[in-house]
Amino acid sequence: MEKKKNTRTAPSALSEAEVAKRVEAILGRLSLDEKIGQLTQLGGADFNPGPKPEDIIRKGGAGSVLWLNNTKKFNILQKISVEESPSKIPLLFALDVIHGYRTIFPVPLAMASSWDPSVAERAQTVAAREARAAGLHWTFGPMLDIARDARWGRIVEGAGEDPCLGAAMAAAQVRGFQGSYPGSPDHVVACAKHFAGYGAADGGRDYDPVYLPESQLRNVYFPPFEAAVKAGVGTFMSAYMDLNDVPASGNRFLLHDVLREEWGFKGFVVSDAFAVASLVVQGFARNRRDAAFRALSAGVNMDMASNTYPENLAGLVKDGTLKEADIDAAVRPILAIKIRMGLFEQPYVDELKLAQVVALPEHRKEARFAAQRSMVLLRNEGGLLPLKKDLKNVAVIGPLADSKEATEGSWMVFEHKPAAVTVLEGIRSKLPGAKVEYAPGPKIRRDIISEFDDMIPGAKKVVQTPEQAEIAFQTAMDTARKADLIIMVLGENADMAGEAASRASLDLPGRQEELLKAVVALGKPVALVLLNGRPLSINWAAENVPAILEAWEPGSEGGNAIADILFGDVNPGGKLPVTFPRKGSHAPLYYARNLTHAPESIQTYRSRYWDGPTTPLYPFGFGLSYATFSITNLKVSASQVKVGKTVAVTADVTNTGSVAGDEVVQLYVHQKAGSDSRPMRELKGFERVTLKPGETKTVTFTLGSAELNHWSTSAGKRIQDAESFDIWVGSDSLATLHADLKVVS
Ligand code: BGC
């Protein structure tokens with residue numbers, strides 16, 4: 003019996019009871035100060051002010067260290083902790099490993115574009131293996147914030163606008179990072195962040211307050227987090243901003259009522275960086291002491307970097323404001339994770355292992371595969387793509403064409419040296435006999451440089467006078483004139499999306515569109531490759547450039563994967579996980595909105611804004627292929643279903659093209675009437691299928707209470723109405739193949 007259980011989970015997974023017993027044994031021997039040390043996460047990088055990490059650790063003042071990426075130093079600090087500190091408890095080393103440690107995968111928004119959760123799971127498995135070999139135990143990922151505002155820079159870190167796709171990607175990433183249980187060998191503990199609602203910041207401005215009614219929180223923003231809990235995520239991170247006037251890092255509704263009471267989360271919560279101290283800035287806590295009290299009482303186990311816990315918790319216990327039992331409760335899940343990670347048995351990392359692990363050829367192969375699966379073909383007029391390999395004279399133009407940083411994208415781990423294959427390199431290796439000339443054109447840069455740019459190699463060095471830019475523009479034009487075909491590589495630098503990297507406009511930055519127009523005016527075939535971390539309003543390109551490939555920030559093997567697609571070795575099959583608005587000022591724009599007074603018919607242009615269409619430039623779920631597909635024969639297993647029961651929805655998808663390819667079949671529903679107004683459409687199922695020319699497959703979805711219920715404002719709880727539903731199945735969120743379903747009581 004015991005044996006069977008172990009083989010199913012994992013050979014060395016400890017039982018709950020065993021872990022709890024060991025936790026109590028350790029807790030019993032700790033002083034109050036040593037316990038508070040466990041609740042403290044310390045910045046390990048040299049830029050941290052104050053006492054040296056070594057000295058704090060020696061006194062037992064830290065349970066975890068972040069912002070350090072140095073295998074040797076991990077062992078040095080760990081030795082101090084387990085041999086010299088009073089409690090001798092090993093440290094947890096944590097870092098943001100968001101889309102790869104050394105082998106960089108596509109950014110999470112790109113991986114979501116694969117509509118294939120196994121892509122994200124495989125990628126994060128590799129990321130975890132490398133990170134663990136480097137000596138890390140814990141990553142601050144996955145980022146699970148639904149983002150419906152393309153101006154918000156952190157849209158790049160998540161899975162886009164949709165809770166159904168987001169939940170699938172959340173669970174997959176947790177499985178990838180953690181393996182079958184938190185503590186699996188060659189894996190790291192995952193952290194679901196930022197709980198919750200961060201993606202709905204006012205105006206898309208990072209850190210600005212969020213106002214979300216409970217229906218939005220529960221129907222849209224919570225599902226990826228709940229999916230992460232169900233997948234066994236070990237830790238959560240509380241968000242920075244105010245949620246409905248209560249800071250997320252002091253929010254007991256989020257961190258206690260929902261996370262622990264409703265969802266049964268047993269792991270621990272770390273605040274976002276300095277977020278506990280920020281409770282004072284937010285006008286919530288009176289002072290740092292009050293901040294420590296309110297964060298701990300709300301459910302934040304560990305203070306990331308703001309040091310409020312070691313400063314104040316002991317005093318709060320001594321004066322009776324907190325009980326020592328409150329501290330014990332916060333410490334327990336932290337010790338439990340350390341036990342599960344096997345750190346008491348093996349606190350050190352083998353310093354030779356990382357070099358072997360990162361050299362594994364399958365890691366680069368996985369990165370190339372993930373990048374291929376993630377790209378979205380937005381336009382292919384006249385079948386310009388795929389290109390022929392007998393091209394003789396190609397120009398590759400644009401500021402990102404040979405940029406390793408832009409190819410790997412935002413959120414590199416500390417001290418990472420970009421090592422991506424660029425688009426230029428990828429194209430050159432596909433065309434060994436051809437002349438492939440390159441000209442960057444004018445450089446692009448952020449208008450306002452942030453302190454985070456120090457972490458992005460080269461970001462601050464991008465300076466060019468207008469005269470130099472003009473020369474670069476003309477050189478690019480000369481290069482384009484001499485070529486038979488031009489591949490433009492445009493978009494955003496790595497520092498243009500991510501934390502503190504929101505924008506008011508979604509246009510191509512700098513002179514890129516001007517250059518694009520001038521090159522297209524030469525009358526030669528032009529293919530546009532986009533490298534970017536958010537939707538861009540490429541309205542002109544969408545009408546005038548025959549071929550557009552959305553490659554996102556595709557990672558270490560990005561250039562090769564792009565060339566694989568451009569030259570037809572791989573057929574693109576990704577779909578957009580976000581709506582592309584026509585303007586930044588249209589954001590937030592998303593498909594699953596409620597229909598209101600004026601329907602989306604002839605009124606659309608006049609009633610929403612009179613100065614132009616507000617329809618998306620590209621809808622959610624959209625993406626082309628070198629093949630064509632038809633989706634037919636939609637069937638619902640019964641025209642009526644009882645509340646709580648399920649029906650099967652099937653449709654046939656056929657490859658009507660001449661090459662093999664992938665289609666993502668998508669199921670949308672709409673509740674026509676009921677307790678509350680419901681969105682025009684909501685994604686409730688999807689499947690990416692590969693089909694040979696002429697081949698047909700039947701795709702089956704299940705619709706039951708989980709898909710047809712909602713959290714109701716009117717009822718104040720989750721309900722399933724007995725009402726009529728529209729069902730659509732198709733290749734994007736504008737699907738027209740329709741059926742009806744009646745839910746009866
Ligand atoms: C970010 C988090 C990140 C943390 C640690 C914060 O600024 O919001 O996403 O995990 O820093 O680096």
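Residue numbering for the sequence shown follows our numbering, starting at 3 and increasing by one per position. Don't be surprised by glycine CBs; every beta carbon is placed ideally from N, CA and C.
In the DSSP assignment, residue 721 forms a beta bridge with 712. Close CB contacts of residue 132 within its chain, under the 6 Å cut and outside five residues either way in sequence, are with 103, 104, 359, 360 (chain order). Annotation for residue 81: the continuous alpha helix (DSSP H) segment containing it runs 73 to 81. The residues 21, 24, in chain order, have a CB closer than 6 Å to that of residue 341 in the same chain once the five nearest residues on each side in sequence are set aside. In this structure the stretch 77 to 85 does not touch the stretch 539 to 549; the number of beta carbon pairs closer than 8 Å is below three. Assignment of beta strand (DSSP E) within the stretch 183 to 265, counting only whole runs of 3 or more residues, yields 193 to 197, 237 to 240 in chain order. Residue 273 carries a strand assignment under DSSP once its states are collapsed to helix, strand and coil. For residue 406 and residue 423, the gap between their C-alpha atoms comes out near 7 Å. Rounded to the nearest whole angstrom, the CA to CA distance from residue 365 to residue 128 is 6 Å. Taking the C-beta atoms as reference points, residue 624 is found nearer than 8 Å to residue 577.
The beta-bridge partner set that DSSP reports for residue 699 consists of 655. Residue side-chain check: residue 98 places its Cβ nearer than 7 Å to a non-hydrogen atom of the ligand BGC. The ligand BGC approaches residue 275 closely enough that one of its heavy atoms is under 7 Å from the residue's Cβ. Judged by their CB atoms, residue 212 and residue 200 are nearer to each other than the 8 Å cut-off.
The C-beta separation of residue 62 from residue 36 comes to about 5 Å, placing the pair in contact by the 8 Å criterion. Checking the 7 Å criterion, the Cβ of residue 636 is out of range of every heavy atom belonging to the ligand BGC. In the structure shown, the three-state DSSP call for residue 592 is coil.
Residue 288 is not bridged by DSSP to any residue. Ranked by how close their Cα comes to the Cα of residue 98, the residues 664, 142, 55 have 142 in first place. Short note on residue 418: C-beta not closer than 7 Å to any heavy atom of the ligand BGC. Distances from the CB of residue 195 to the heavy atoms of the ligand BGC include at least one below 7 Å. Not a single heavy atom of the ligand BGC lies less than 7 Å from the C-beta of residue 95. Taking 8 Å as the cut-off, the Cβ atoms of residue 95 and residue 41 do not count as close.
Taking 8 Å as the cut-off, the beta carbon of residue 237 is found no closer than this to the beta carbon of residue 260. If you draw a straight line from the Cα of residue 230 to the Cα of residue 520, it comes to about 48 Å. Under the DSSP definition of a beta bridge, residue 145 partners with 195. If you compare the alpha carbons of 615, 513, 570, 161 with that of residue 382, the shortest gap goes to 570. Around residue 513, the same chain offers 444 as residues with beta carbons nearer than 6 Å, after the five sequence neighbours per side are excluded. Taking the Cβ atoms as the reference, residue 471 lies roughly 18 Å from residue 408, outside the contact range of under 8 Å. Relative to the Cα of residue 507, the nearest Cα in the group 548, 584, 518, 204 belongs to 584. For residue 493, the beta-bridge partners assigned by DSSP are 533. Here residue 354 is exposed, its C-beta having fewer than 16 other C-beta atoms within 10 Å. Relative to the non-hydrogen atoms of the ligand BGC, the Cβ of residue 138 never comes closer than 7 Å to any of them.
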